[in-house]
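Below is one structure, written out as structure tokens; comments come after it.
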Amino acid sequence: MSFTTVKFYSGTFVPTNKWLKIFACYVLLPPVLSHLVYESVVGGSAEIACNFSSLHEDKVSLILWYKDNATKPIYIMDARNGIRNKPAHLPSGTLTNRSFYNVSIFPSILQVWDIKEDDHGMYKCRVDYKHEPTEYFIVFLEVIVPPRETIIMDKYGQRLKDLIGPYSEGTSLLLICEADGGKPPPALTWWKRDNLLLANYTITPQGFTRNEIVLQQLRREDLLSSLTCKASNTNLTIPISSSVIVDLYLKPLDVRITTINRPLIANRPAELVCETWGARPPAQVTWWMGTKRLTAVTDSVTADGNHTVSTVSFTAKVGDNGKNVTCRADNLLLQESAITDVRNLLVYYTPQVRMSILSQLNGNGVVEGSDVRLECLVDASPAEVDVWWRFNGSTLTPDLKSGISLDNLSLLIKNVQQHHQGKYQCMATNQEGEGRSDEKLLVVQYPPVCKDPKLKMIAVSPGSEVNVLCEVEAEPKNVEFHWILNNTLGVTSVKTATSNWTTSVTTISLLGHIDFGTLFCWAENHVGRQEIPCQYKIVPGVYAMLIEANTYNYG
Numbered sequence: 001m002s003f004t005t006v007k008f009y010s011g012t013f014v015p016t017n018k019w020l021k022i023f024a025c026y027v028l029l030p031p032v033l034s035h036l037v038y039e040s041v042v043g044g045s046a047e048i049a050c051n052f053s054s055l056h057e058d059k060v061s062l063i064l065w066y067k068d069n070a071t072k073p074i075y076i077m078d079a080r081n082g083i084r085n086k087p088a089h090l091p092s093g094t095l096t097n098r099s100f101y102n103v104s105i106f107p108s109i110l111q112v113w114d115i116k117e118d119d120h121g122m123y124k125c126r127v128d129y130k131h132e133p134t135e136y137f138i139v140f141l142e143v144i145v146p147p148r149e150t151i152i153m154d155k156y157g158q159r160l161k162d163l164i165g166p167y168s169e170g171t172s173l174l175l176i177c178e179a180d181g182g183k184p185p186p187a188l189t190w191w192k193r194d195n196l197l198l199a200n201y202t203i204t205p206q207g208f209t210r211n212e213i214v215l216q217q218l219r220r221e222d223l224l225s226s227l228t229c230k231a232s233n234t235n236l237t238i239p240i241s242s243s244v245i246v247d248l249y250l251k252p253l254d255v256r257i258t259t260i261n262r263p264l265i266a267n268r269p270a271e272l273v274c275e276t277w278g279a280r281p282p283a284q285v286t287w288w289m290g291t292k293r294l295t296a297v298t299d300s301v302t303a304d305g306n307h308t309v310s311t312v313s314f315t316a317k318v319g320d321n322g323k324n325v326t327c328r329a330d331n332l333l334l335q336e337s338a339i340t341d342v343r344n345l346l347v348y349y350t351p352q353v354r355m356s357i358l359s360q361l362n363g364n365g366v367v368e369g370s371d372v373r374l375e376c377l378v379d380a381s382p383a384e385v386d387v388w389w390r391f392n393g394s395t396l397t398p399d400l401k402s403g404i405s406l407d408n409l410s411l412l413i414k415n416v417q418q419h420h421q422g423k424y425q426c427m428a429t430n431q432e433g434e435g436r437s438d439e440k441l442l443v444v445q446y447p448p449v450c451k452d453p454k455l456k457m458i459a460v461s462p463g464s465e466v467n468v469l470c471e472v473e474a475e476p477k478n479v480e481f482h483w484i485l486n487n488t489l490g491v492t493s494v495k496t497a498t499s500n501w502t503t504s505v506t507t508i509s510l511l512g513h514i515d516f517g518t519l520f521c522w523a524e525n526h527v528g529r530q531e532i533p534c535q536y537k538i539v540p541g542v543y544a545m546l547i548e549a550n551t552y553n554y555g
């Protein structure tokens, strides 16, 4: 007993070499019992050969077909009037209206269409000859039941269809495919486009074919890719399949500040443009200056959402020079997706100028005779500046005779004197303009001196009084006065003076000629004592006319 497999597709019978050998045996050898195996699918057709010899076809009387162990034939062809003489065809049972025994071809075949699952089984062809022994041929028809559908599920058993996700870039994805139905159980395979991903499958205890695939790390190239699960248990039909399309959240690929890197001008409007690509959904773009978020921002997104152009507007300040401006692109749906581009700002501005006095100060001023250094402090961008000094509104030039020397940002005054007192100012310019410091008053402190150093003649008649005014110049002006009278009686301290800052008044009463003499006045402040006192010559009144007409200098 021998076996072979014969496959049918669209009603075509394809015999194998083994089948031909068996057929040769039937022709050349005595009648034997032989087994053939055929395949067909539910809904398809089958052609089952009955391999009786053509040498005996005119001697055939009846051809009967039986299924399995049934004793009643399912198909009868009555050829007692001859096979070529329109034999009677009598199908019965389930073969009624869907079968025909074709003896016009060799070998003759029982054609069955609209195959049912119940058609599966053993078929026996019995050939009765008029004068020869009856022949039997046994064949098997395997009816394949294709799977009804494939079902794709996630790890929770939820059915997935069409577009699935979105999933986060970089995460793993488990997909489960099961075949519904199918006999024998179908093979399940996973495909990405035309590439086979996984062919391993198992049979569950419930009899379902199952194939699980894990995509370990979803990548950008997986976006909108189609994953297909195919089920097939025969090559007679096209495999059934289900597909899903993977949607992803994607991180931005790049971010770049595209504005040409050039200096900004302080207190003028400025714009920076930043572009980012690759995020899905479109990236959120934020701008930062240091840790402060900039809010005057407009964004433009392309129709496909892949490209975002962001523009930030601001007014550059002097203090922004050297600060970092950051453009940040971020997919808020993904952790750790932010990328940045940083621009270091170069802001041009006019010089910001301050001035300081570095000498040792005595209260609010400097002591006459000391050295004074004035420093010009300049903050400018560009840093290349020209610096000059002004004194009481006029440009100051070096003058070694008067002790003034200039060294770019420094002004040195040696052996400072009263004429150096006044308002000083530092000036600086760069390509953006001119800056100037506040004016600073340099106060020179010195001990008191007479406002008028000449000796003064005061004519007084005996028995009368006279007020004598003493006036000095000093810095600071808070001074203390002293008076003495030098006459024939000797040197007498005058205690009756009244003082107000740099002036003092004393009253002299003359009792006789012995009171005439010289009156001395001097003052002192915290810098020092007046070196040369102010002098007043007290003379008798008879000289008054002469004093008024002449200008004697007794100094």
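Residue 130 in the UniProt record's numbering sits at position 130 of the sequence shown, and the numbers go up by one each step. Cβ atoms here follow ideal geometry from the backbone N, Cα and C, with glycine treated the same way. Given the structure is predicted, the values throughout are model-derived calculations rather than measurements.
Check: Beta-carbon proximity list for Asp247, same chain, < 6 Å, skipping 5 on both sides; Outcome: Leu163, Gly165 and Pro166
Check: Rounded C-alpha distance that separates Ile76 from Trp65; Outcome: 6 Å
Check: Beta-bridge pairing of Thr209 - partner residues as DSSP gives them; Outcome: Ala179 and Ile203
Check: Between the CA atoms of Glu384 and Glu434 - distance to the nearest angstrom; Outcome: 12 Å
Check: Which residues DSSP lists as bridging Lys67, in chain order; Outcome: Tyr123
Check: Where the beta strand (DSSP E) through Thr134 begins and ends; Outcome: Where Thr134 is concerned, there is no enclosing beta strand (DSSP E), given that its DSSP letter is neither H nor E.
Check: Segment contact flag, the stretch 422 to 436 with the stretch 454 to 469, C-beta cutoff 8 Å, min 3 pairs; Outcome: no
Check: Rounded straight-line distance, which links the Cα of Asp78 to that of Val127; Outcome: 11 Å
Check: Residue burial classification, residue 635 (beta-carbon count within 10 angstroms, cutoff 16); Outcome: Here the chain covers residues 1 to 555 and nothing more, so residue 635 does not appear.
Check: First and last residue of the uninterrupted beta strand (DSSP E) at Pro351; Outcome: Val347 to Ile357
Check: Whether Val214 touches Ala266 by CB criterion (9 Å); Outcome: no
Check: Proximal residues to Ser300 (C-beta, below 6 Å), its chain only, five neighbours per side dropped; Outcome: Val309
Check: Segment contact, 8 Å Cβ cut-off, at least three pairs: the stretch 514 to 532 with the stretch 472 to 492; Outcome: yes
Check: Pick from Asp371, Ser168, Arg148 and Glu375 that is closest to Val42, judged by C-alpha positions; Outcome: Arg148
Check: For Thr150 and Ala179, believed in contact at Cβ under 8 Å, the rounded distance; Outcome: 6 Å
Check: Candidates Gly93, Asp58 and Val103: closest to Asn81 by CA position; Outcome: Asp58
Check: DSSP state of Asp222 mapped onto helix, strand, coil; Outcome: helix
Check: Per-residue DSSP class, three states only, for Gln425; Outcome: strand
Check: Distance between Phe314 and Cys327 (C-alpha atoms, nearest Å); Outcome: 14 Å
Check: Alpha carbon of Leu294 to alpha carbon of Lys251, nearest angstrom; Outcome: 23 Å
Check: Burial state of Arg159 (16 or more Cβ within 10 Å); Outcome: exposed
Check: Arg262 classed as buried or exposed, judged by whether at least 16 other C-beta atoms fall within 10 angstroms; Outcome: exposed
Check: Per DSSP, cross-strand counterpart(s) of Gln445; Outcome: Val367
Check: Nonlocal neighbours in the same chain, by C-beta distance under 8 Å from Pro269, ignoring five residues either side; Outcome: Ser313, Phe314 and Thr315
Check: Anticipated Cβ contact below 8 Å, Glu432 with Lys451, distance rounded; Outcome: Incorrect: roughly 49 Å between the Cβ atoms, too far for contact.
Check: Cα-Cα separation between Leu197 and Leu188, rounded to whole angstroms; Outcome: 11 Å
Check: Sheet register partners of Lys292 (DSSP bridge); Outcome: Met289
Check: Best match in Phe516, Leu511, Glu473 and Val527 for proximity to Ser504 [C-alpha to C-alpha]; Outcome: Glu473
Check: DSSP state of Val342 mapped onto helix, strand, coil; Outcome: strand
Check: The stretch 437 to 445 contacting the stretch 403 to 411, beta-carbon criterion three pairs below 8 Å; Outcome: no
Check: Closest residue to Val387 among Met355, Asn415, Glu132 and Tyr249 (Cα-Cα distance); Outcome: Met355
Check: Separation of Ile109 from Asp119, as counted between CA atoms; Outcome: 16 Å
Check: Euclidean distance between Cα positions of Leu224 and Met289; Outcome: 38 Å
Check: Bridge partner(s) assigned by DSSP for residue 556; Outcome: Given that the chain is displayed from residue 1 to residue 555, the structure contains no residue 556 and the question cannot be resolved.
Check: Beta-carbon proximity check, Lys414 vs Gly403, cutoff 9 Å; Outcome: yes
Check: First through last residue of the beta strand (DSSP E) which encompasses Ala497; Outcome: Looking at the DSSP string, Ala497 is not in any beta strand (DSSP E), and its letter there is neither H nor E.
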